[in-house]
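J.: Starting off with a structure, shown below.
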Amino acid sequence: MAASILRLFFHDCFVNGCDASILLDDTATLTGEKNAGPNRNSARGFQVIDTIKTRVDAACNATVSCADILALAARDGVVLQLGGQTWTVPLGRRDARTASQSAANSQIPGPSSSLATLVNMFSNKGLSARDMTVLSGAHTIGQARCTTFRQRIYNDTNINAAFATTRRRNCPSTGGDGNLAPIDSTPARFDNSYYRDLVARRGLFHSDQELFNGGSQDAAVTGYSNNGASFLRDFAAAMVRLGNLSPLTGRNGEVRRNCRRIN
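Per the UniProt record's numbering: the sequence shown = residues 1 to 263.
Quick look at the structure:
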């Protein structure tokens with residue numbers, strides 16, 4: 001579940017800032033982000049956030065926002081469940097009263113993105129190419145559906161042949177869209193195996209392998225593949241920067257009583 005919560009946080013922050021808009025359900029008057037292409041049938045962990053919210057509100061009387069809960073849960077999953085390095089989560093975010101399915105469809109990087117597209121999308125959020133490369137290291141945990149990496153294992157040429165053959169066994173060229181594969185070789189450990197896999201041409205997504213394909217991020221990938229401690233340190237710092245994307249503060253937004261709907 002740590003991977004799912006971390007992904008929720010990233011997808012939330014990349015759409016109009018870290019404001020818990022991704023948690024809102026569709027209503028007659030609000031179209032949320034849960035059914036946007038990057039989230040539909042893949043975003044998970046909403047019930048976990050609901051449970052945390054209920055327990056926090058019982059102790060703190062509706063003073064902690066859903067946005068802060070999501071930020072803290074993302075950190076704690078990495079640290080407590082997976083052994084990653086901790087970071088300080090600045091608090092005080094408030095919750096959005098709106099959501100944007102169109103922004104979710106256009107602003108969240110996809111698994112077929114090119115390096116240039118990735119760099120540009122992160123730059124649009126005020127994050128550097130190095131931030132992009134280290135935050136992509138979140139793919140050191142979790143699983144992915146066949147439909148997200150089929151093109152990579154059947155069409156890309158910059159892929160380890162044995163790796164492609166192995167992945168094709170559970171991801172046919174047609175059908176099996178929901179079949180799962182681990183994103184890296186140690187999907188339950190928060191480590192630098194993701195980068196070692198990229199150097200070995202074993203990136204699961206096209207967008208992953210773009211980070212090590214003769215381009216500007218090759219040196220960073222090589223560095224993290226050789227030094228797991230530097231990856232953990234830099235990832236923690238980049239998560240603070242991600243969590244600072246356009247938060248609602250002061251009188252903006254609200255503190256939702258239910259993370260799934262506005263007050």
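Built from N, CA and C at the ideal position, the CB exists for glycine as well.
Using only CA atoms, which one of 100, 203, 252 lies nearest to residue 152?
T.: Cα-wise, what sits closest to residue 152 is 203.
J.: What is the DSSP secondary structure of residue 91, reduced to helix, strand or coil?
T.: Correct three-state label for residue 91: coil.
J.: Please name the residue, chosen from 64, 115, 62, 197, that lies closest to residue 159 on a Cα-to-Cα basis.
T.: The option with the nearest alpha carbon to residue 159 is 197.
J.: With distances taken from CA atoms, which of 189, 141, 171, 190 is nearest residue 183?
T.: If we check each option's Cα against that of residue 183, 141 comes out closest.
J.: Would you list, in sequence order, the uninterrupted alpha helix (DSSP H) runs of no fewer than 4 residues that lie entirely inside the region 9-77?
T.: Listed in chain order, they are 46-60, 66-76.
J.: Nearest CA to the CA of residue 46: which residue from 37, 24, 31, 17?
T.: Of 37, 24, 31, 17, the residue nearest in Cα terms is 24.
J.: So, are the CB atoms of residue 125 and residue 245 less than 9 Å apart?
T.: Cβ atoms of residue 125 and residue 245: closer than 9 Å.
J.: Considering only their Cβ atoms, is the gap separating residue 149 from residue 181 smaller than 9 Å?
T.: Taking 9 Å as the Cβ cut-off, residue 181 and residue 149 qualify as a contacting pair.
J.: Output yes or no for whether 9 Å exceeds the beta carbon distance between residue 259 and residue 19.
T.: For residue 259 and residue 19, no; Cβs fall outside 9 Å.
J.: Which residues in the same chain as residue 215 place their Cβ atom closer than 6 Å to its Cβ, once the five residues preceding and following it in sequence are excluded?
T.: Hits under 6 Å: 115.
J.: For residue 178, I'd like the list of residues in its chain whose CB is within less than 6 Å of its CB, leaving aside the five on either flank, ordered along the chain.
T.: Within the same chain, residue 178 has close Cβ partners 145.
J.: Give me the Cα-Cα distance between residue 87 and residue 240, rounded to the nearest whole angstrom.
T.: For residue 87 and residue 240, the distance between alpha carbons rounds to 7 Å.
J.: Should residue 132 go down as buried or exposed, given a rule of 16 or more other Cβ atoms within 10 Å for buried?
T.: It is buried - the Cβ of residue 132 has at least 16 other Cβ atoms within 10 Å.
J.: Just to check my reading of the structure: residue 67 and residue 95 have Cβ atoms closer than 8 Å, yes? What is that Cβ distance to the nearest angstrom?
T.: The pair is a contact, with the Cβ atoms about 5 Å apart (cut-off 8 Å).
J.: Helix or strand or just coil, what does DSSP make of residue 127?
T.: Coil, per DSSP.
J.: What is the DSSP secondary structure of residue 251, counted as helix, strand or coil?
T.: Coil, per DSSP.
J.: Take residue 207 as the anchor and find which of 169, 121, 79, 236 has the nearest alpha-carbon.
T.: When each option's Cα is compared against that of residue 207, the closest is 121.
J.: Should residue 85 and residue 248 be called a contact, given that it needs their Cβ atoms to be closer than 9 Å?
T.: Not a contact, by the Cβ cut-off of 9 Å.
J.: Give the straight-line distance between the Cα atoms of residue 14 and residue 243, rounded to the nearest whole angstrom.
T.: Residue 14 and residue 243: Cα-Cα distance of roughly 10 Å.
J.: Please report how far the alpha carbon of residue 91 lies from the alpha carbon of residue 235, in whole angstroms.
T.: Distance between the alpha carbons of residue 91 and residue 235: 19 Å.
J.: Could you name the residues that DSSP lists as bridge partners for residue 182?
T.: Answer is 143.
J.: Note down the Cα distance separating residue 191 from residue 228, rounded to an integer number of angstroms.
T.: Near 6 Å, if we compare the C-alpha coordinates of residue 228 and residue 191.
J.: Tell me the DSSP secondary structure of residue 97 in three-state form.
T.: If DSSP states are grouped into helix, strand and coil, residue 97 belongs with coil.
J.: In the DSSP output, what is residue 261 paired with across the bridge?
T.: Residue 261 pairs with 258.
J.: Going by the CB atoms, is the gap between residue 6 and residue 77 shorter than 9 Å?
T.: Contact flag set, yes.
J.: Using three-state DSSP, classify residue 164 as helix, strand or coil.
T.: The answer is helix: DSSP assigns residue 164 an H, G or I state.
J.: By Cβ distance, which residues of its chain are closer than 6 Å to residue 134, with the 5 residues on each side in sequence left out?
T.: Within the same chain, residue 134 has close Cβ partners 234, 235, 238.
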